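For reference, the structure is listed below as structure tokens.
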Amino acid sequence: MNQQAHIEFGNNVNIHALSANLSAFDDEQLEQQFQNSLLRERRQELDTDHLYYQQIGQYPLLSASEEIDYAQRVQQGDAKARQHMIECNLRLVVKLAKRYMNRGLPLLDLIDEGNIGLIRAVEKFDPERGFRFSTYATWWIRENIERAIMNQSRAVRLPVHLIKEMNVYLRTAKEMSKSLGAEPSAEELSAKMGKPVADVHRMLQLNGKTSSLDLPIGERQSATMADLIEDENHISTEDRIQENELNGSLAAAIETLEPRQREILARRFGLFGYEPTTLKEIGKAMGVTRESIRQAQVKALNKLRTVFEQQGISMDMVLSATA
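Residue numbering for the sequence shown follows numbering that gives the first Met the number 0, beginning at 0 and increasing consecutively.
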């Protein structure tokens with residue numbers, strides 16, 4: 000076996016590469032849909048969208064100390080505290096939902112989806128972790144909105160983990176299109192990502208059976224698949240703060256792994272200067288079989304999930320808040 004490389008881990012960790020592989024969602028939709036229906040009914044009772052925005056603006060923003068107080072009460076089962084925390088953050092949903100306008104769903108539908116994400120965030124938020132609630136909730140809100148856009152844009156519904164994996168491919172293709180001045184071929188994309196050409200073709204076929212990012216999507220055909228992928232060159236200050244915090248959490252969690260496990264994840268997902276590569280190629284580089292690498296990867300990912308759960312952090316929240 001080759002000597003294992005020593006890897007330094009800091010806060011500058013590329014967690015986006017993990018998003019297609021570590022996704023797991025708790026199935027608590029019934030309660031969330033019920034709560035969201037209450038919010039929707041309240042909105043539908045208003046005469047105009049403007050009145051809805053005006054009404055939610057009446058709820059005061061919570062201070063850091065108030066967030067802790069209300070979150071602790073939510074953890075104790077206080078329904079009124081839960082409702083108040085939701086109401087005081089409805090403006091955050093509207094702010095984030097507006098970023099996804101003209102992508103196939105009406106704004107109010109985007110807000111509905113974002114509200115479901117907000118409800119999940121309120122239920123799962125742990126104030127002892129030190130995050131501000133808006134930082135934590137942003138991921139849940141965006142995740143729910145993006146999943147809704149992706150689902151409504153395709154006739155065949157794909158599992159969330161496949162959608163996330165597809166986003167990694169599409170994001171890379173979008174970046175390459177900018178540098179090349181043309182859409183990359185499957186072979187060029189394969190070389191860039193270190194993935195087999197067959198895997199690239201599989202993702203492109205799942206993506207509406209076309210390799211074009213310019214394919215119109217949505218009922219109004221007003222957006223393309225490329226429009227669904229946010230430009231990573233335009234990151235708000237809020238998003239940078241959130242990403243730095245989550246990067247730190249991931250880096251700390253990875254430090255708990257054995258050196259061999261860290262190296263395998265680094266090679267597999269393109270972390271710490273490595274290019275993403277296959278299990279077979281990792282096995283060859285480390286002098287072991289593909290199956291040995293696969294088993295080690297599974298153990299490492301399970302350990303990461305356990306570490307996050309012990310800290311009260313959802314694995315999903317730690318993923319690329321930029322999906």
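Quick reminder that beta carbons are idealized off the backbone N, C-alpha and C, glycines included. On a predicted model such as this, the values are computed, not experimentally measured, just so you know.
Can you tell me the Cα-Cα spacing of residue i and residue j, whole angstroms?
i: Arg141; j: Asp111; result: 12 Å
i: Gln82; j: Arg304; result: 29 Å
i: Tyr135; j: Pro275; result: 28 Å
i: Arg201; j: Pro183; result: 15 Å
i: Met165; j: Leu89; result: 30 Å
i: Lys323; j: Lys173; result: With the chain represented from 0 up to 322, any question about residue 323 goes unanswered, as that position is not in the structure.
i: Gly180; j: Trp139; result: 34 Å
i: Tyr52; j: Val93; result: 8 Å
i: Arg261; j: Leu91; result: 36 Å
i: Lys123; j: Arg131; result: 13 Å
i: Ile85; j: Val121; result: 7 Å
i: Ala70; j: Thr255; result: 29 Å
i: Gly286; j: Arg266; result: 14 Å
i: Ser291; j: Ala252; result: 22 Å
i: Ile281; j: Pro258; result: 15 Å
i: Glu186; j: Ser133; result: 41 Å
i: Gly56; j: Val306; result: 38 Å
i: Ala80; j: Asp125; result: 14 Å
i: Ser147; j: Gly103; result: The question names Ser, but residue 147 is Ala in the sequence shown. Each residue's alpha carbon lies about 10 Å from the other.
i: Leu264; j: Arg72; result: 38 Å
i: Val199; j: Thr277; result: 13 Å
Could you give the first and the last residue of the continuous alpha helix (DSSP H) run that contains residue i?
i: Ser189; result: 185-192
i: Gly180; result: Where Gly180 is concerned, there is no enclosing alpha helix (DSSP H), given that its DSSP letter is neither H nor E.
i: Lys94; result: 89-96
i: Gly282; result: 278-285
Look up residue i in the DSSP assignment and say whether it is helix, strand or coil.
i: Val73; result: helix
i: Thr305; result: helix
i: Phe383; result: Outside the displayed span of the chain (0 to 322) sits residue 383, for which this structure offers no information.
i: Tyr273; result: coil
i: Ser64; result: helix
i: Phe124; result: coil
i: Pro195; result: coil
i: Leu104; result: coil
i: Gln57; result: coil
i: Thr255; result: coil
i: Thr171; result: helix
i: Thr137; result: helix
i: Glu145; result: helix
| said: I want to know whether the stretch 167-175 touches the stretch 101-119 - three or more CB-CB distances under 8 Å. | reply: no
| Three CB pairs or more closer than 8 Å across the stretch 94-110 and the stretch 58-66 | no
| said: Taking 8 Å as the cut-off, does the stretch 283-298 touch the stretch 176-196 (at least 3 CB pairs, one atom from each stretch)? | reply: no
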